[in-house]
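Enquirer: Protein sequence lines correspond, in order, to chains L and B. Under the working numbering, think of the first position of the first sequence as 1, with each following residue one higher. Under the working numbering, think of the first position of the second sequence as 1001, with each following residue one higher. Glycine included, every Cβ here is placed at the ideal spot set by N, Cα and C. Predicted model, so just to flag it, every value in this text is computed and none were measured. My questions will all concern the structure given below.
Protein chains: 2
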Amino acid sequence: MEKAIVLLSGGQDSTTCLGWAKERFECIAVSLNYGQRHVAELEAASKIAKHFDVIHIVENIPVLKSIGGSALVDGSDLAGSGGYGDSQAPGGLPTSFVPGRNMLFLAIAGAVAVKLGAKHIVTGVCQTDYSGYPDCREVFIEAMQQAITLAMPSECGPFQVHTPLMRMTKAETVRMAKAIPGVWEALAHSITCYQGVKGGCGTCPACTLRIKGFADAGFADPASA
Amino acid sequence: MEKAIVLLSGGQDSTTCLGWAKERFECIAVSLNYGQRHVAELEAASKIAKHFDVIHIVENIPVLKSIGGSALVDGSDLAGSGGYGDSQAPGGLPTSFVPGRNMLFLAIAGAVAVKLGAKHIVTGVCQTDYSGYPDCREVFIEAMQQAITLAMPSECGPFQVHTPLMRMTKAETVRMAKAIPGVWEALAHSITCYQGVKGGCGTCPACTLRIKGFADAGFADPASA
């Protein structure tokens, strides 16, 4: 079985992706502590990795908080939108956008992959429900896959970045989670909420999206049980 | 004048690039502390930024040391070659190769650029003398430029990664340094040596390359004076 580095935030999407990857690869889960508002999601990631019986690596990347510019790392209002930079505020972009986050995550996944002899990287980014984040689009993932491959010795690659949820709605993701062994139970540990509330605050944009997904799919959220 | 983020390691190449950039852009120098063997180069970077009278940002990225896999960050023998991963050792790659370093550096530069409203990034990577590092090649830089642009809101870009030294020999870089006002004096502060020796140890691969460059160009190294 080939190895895969799976980016695991501890949320619904990455948990589902880890289950997807577990059926195909020998998985190593990687979580990144970038100074997000709460560490509850890192604790969730740890439980989920244990549930799937995979190695779990947690790396610290203080640079995102240090650069700042997002409500997820600088403590500003998450309900607002558009203000992730002092001098630039393109209309409509949520304040939860962390510039460079997925680029940095994938670059680190690439470095870990080389170290561990993996050629596969799995991430739960999704273009459909992408909330306006440019670094969740397929076109970005393809560019980054190319950059990772070219950054590394040719003998180590080519690297493939898998995005099983890319074209799915949240409801489809829920149905996929239901179909893969072990994922439903793992979802009970997952935390999607921007406030870090176990079971969800129910009102933040991430919770709203999650609630709608489970409702559309016609299932109760195992994390709310 | 448009803004540029200049990656400044404190070595010869990035110092020359900062001088090049200073003639074209309003520059912000960014240095990255990734757990390299010595902090002497970060102190050099600070002096060089001061010399050019530019803002200097230092960010910590412990993740490279944590992942390990290079003699520059894990304390192994710099003279050896080929062993940057436990399970993979493509022949001939120096142990000083840090997998993902330039990718991470450029991703961070991109995030800083968005925060500060810059669309230009300058780096001293060089394909000619690239020592076998895949992430110093033009083809990688182009892929990364594309990835940065796609990772960010379109209103913030497109981003341009400038590599003024890409096709130069070290001797040509020395002549370029001589021709740009202020660079020669700044080079007196620069440290290229892998051992962090001010003036150079004279024997490590980085010193050997630097010495040959100055000799070929027919000038004395201002850092050795």
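When you compare only the Cα positions, how much space is there between G1182 of chain B and I1028 of chain B?
Expert: For the purposes of this step, residue 1182 of chain B is identified with residue 182 of the second sequence, where counting begins at 1. For the purposes of this step, residue 1028 of chain B is identified with residue 28 of the second sequence, where counting begins at 1. Near 17 Å, if we compare the C-alpha coordinates of I1028 of chain B and G1182 of chain B.
Enquirer: When DSSP labels each residue in this structure, what does T1165 of chain B get in the three-state scheme?
Expert: Locating residue 1165 of chain B in the second sequence gives position 165, counting from the first residue. Sequence inspection shows Leu at residue 1165 of chain B; the Thr mentioned does not correspond to that position. L1165 of chain B falls in the coil class under three-state DSSP.
Enquirer: In terms of DSSP beta bridges, what is V1004 of chain B paired with?
Expert: Counting from one through the second sequence, the residue named residue 1004 of chain B turns up at place 4. Residue identity check: residue 1004 of chain B is Ala in the sequence provided, not Val. A1004 of chain B is bridged to B:C1027 and B:H1120.
Enquirer: Once DSSP output is grouped into helix, strand and coil, what is the label at H1056 of chain B?
Expert: Counting from one through the second sequence, the residue named residue 1056 of chain B turns up at place 56. In the structure shown, H1056 of chain B sits in a strand (DSSP, three-state: E or B).
Enquirer: Tell me which residues share the same chain as T1128 of chain B and place their Cβ nearer than 7 Å to its Cβ, disregarding the 5 neighbours each side in the sequence.
Expert: The residue labelled residue 1128 of chain B in the question sits at position 128 within the second sequence. Correct list, in chain order: R1167, M1168 and T1169.
Enquirer: Can you give the beta carbon distance from A147 of chain L to M1176 of chain B, rounded, assuming they're within the 8 Å contact cut?
Expert: Taking the first residue of the first sequence as position 1, residue 147 of chain L is located at position 147. Taking the first residue of the second sequence as position 1, residue 1176 of chain B is located at position 176. At roughly 27 Å, the Cβ-Cβ gap does not stay under 8 Å, so A147 of chain L and M1176 of chain B are not in contact.
Enquirer: Inspect the CB distances between the segment 1156 to 1166 of chain B and the segment 1189 to 1196 of chain B and report whether three or more fall short of 8 Å.
Expert: They do not touch, by the three-pair rule.
Enquirer: Assuming L1008 of chain B contacts L1018 of chain B under a Cβ cut-off of 8 Å, what Cβ separation, rounded to an integer in Å, is found between them?
Expert: To locate residue 1008 of chain B, count along the second sequence from 1; it is residue 8. To locate residue 1018 of chain B, count along the second sequence from 1; it is residue 18. With 8 Å as the limit, L1008 of chain B and L1018 of chain B qualify as a contact, their Cβ atoms being about 6 Å apart.
Enquirer: Using a Cβ-Cβ cut-off of 9 Å, state whether E1185 of chain B counts as contacting chain L.
Expert: In the second sequence, counting from the first residue as 1, residue 1185 of chain B sits at position 185. Output row for E1185 of chain B: interface = no.
Enquirer: Check the Cβ of L14 of chain L against every Cβ in chain B and list those closer than 8 Å, keeping chain order.
Expert: Walking along the first sequence from the start, residue 14 of chain L turns up at place 14. Just to set this straight, residue 14 of chain L is Ser in the shown sequence, not Leu. Ordered by position in chain B, no residue passes the 8 Å Cβ test against S14 of chain L, which lies about 18 Å from the chain.
Enquirer: Using a beta-carbon distance cut-off of less than 8 Å, what residues from the segment 1050 to 1066 of chain B approach chain L?
Expert: Correct list: E1059, N1060, I1061, P1062, V1063, L1064 and S1066.
Enquirer: Would you mind working out which of L:I180, L:I108 and L:H162 sits nearest M152 of chain L, comparing C-alpha positions?
Expert: Numbered from its first residue, the first sequence carries residue 152 of chain L at position 152. It is L:I108 whose Cα lies nearest to the Cα of M152 of chain L.
Enquirer: So what's Q960 of chain B in DSSP terms, helix, strand or just coil?
Expert: The question about residue 960 of chain B has no answer, for chain B in this structure spans 1001 to 1225.
Enquirer: How many Å lie between M1103 of chain B and V1063 of chain B at the Cα?
Expert: For the purposes of this step, residue 1103 of chain B is taken as the residue at position 103 of the second sequence. For the purposes of this step, residue 1063 of chain B is taken as the residue at position 63 of the second sequence. Their Cα atoms are separated by approximately 13 Å.
Enquirer: Take L42 of chain L as the anchor and find which of L:T208, L:G11 and L:K65 has the nearest alpha-carbon.
Expert: Translated into the one-based positions of the first sequence, residue 42 of chain L becomes position 42. Closest option to L42 of chain L, Cα to Cα, is L:G11.
Enquirer: Exposed or buried, which one is G1080 of chain B when buried takes at least 16 other CB atoms within 10 Å?
Expert: As a working mapping, residue 1080 of chain B is identified with position 80 in the second sequence. Confidence is the limiting factor: at G1080 of chain B the pLDDT is only 47, short of 50, which leaves the residue's position unreliable, though a coordinate-based value still follows. G1080 of chain B should be labelled exposed.
Enquirer: Which chain B residues sit within Cβ distance under 8 Å of R167 of chain L?
Expert: Within the first sequence, residue 167 of chain L is the residue found at index 167, counting from 1. None at all; the shortest Cβ gap to chain B is about 17 Å.
Enquirer: Identify each residue in the segment 1103 to 1135 of chain B for which the Cβ-Cβ distance to at least one residue of chain L is less than 8 Å, and report them in chain order.
Expert: The segment 1103 to 1135 of chain B vs chain L, Cβ under 8 Å: M1103, L1104, A1107, I1108, G1110, A1111, V1112, V1114, K1115, L1116, G1117, P1134 and D1135.
Enquirer: Excluding five sequence neighbours on each side, which residues of the same chain lie with their C-beta closer than 6 Å to the C-beta of A1021 of chain B?
Expert: Locating residue 1021 of chain B in the second sequence gives position 21, where the first residue counts as 1. Same-chain partners within the cutoff: A1004, V1006, C1027 and V1122.
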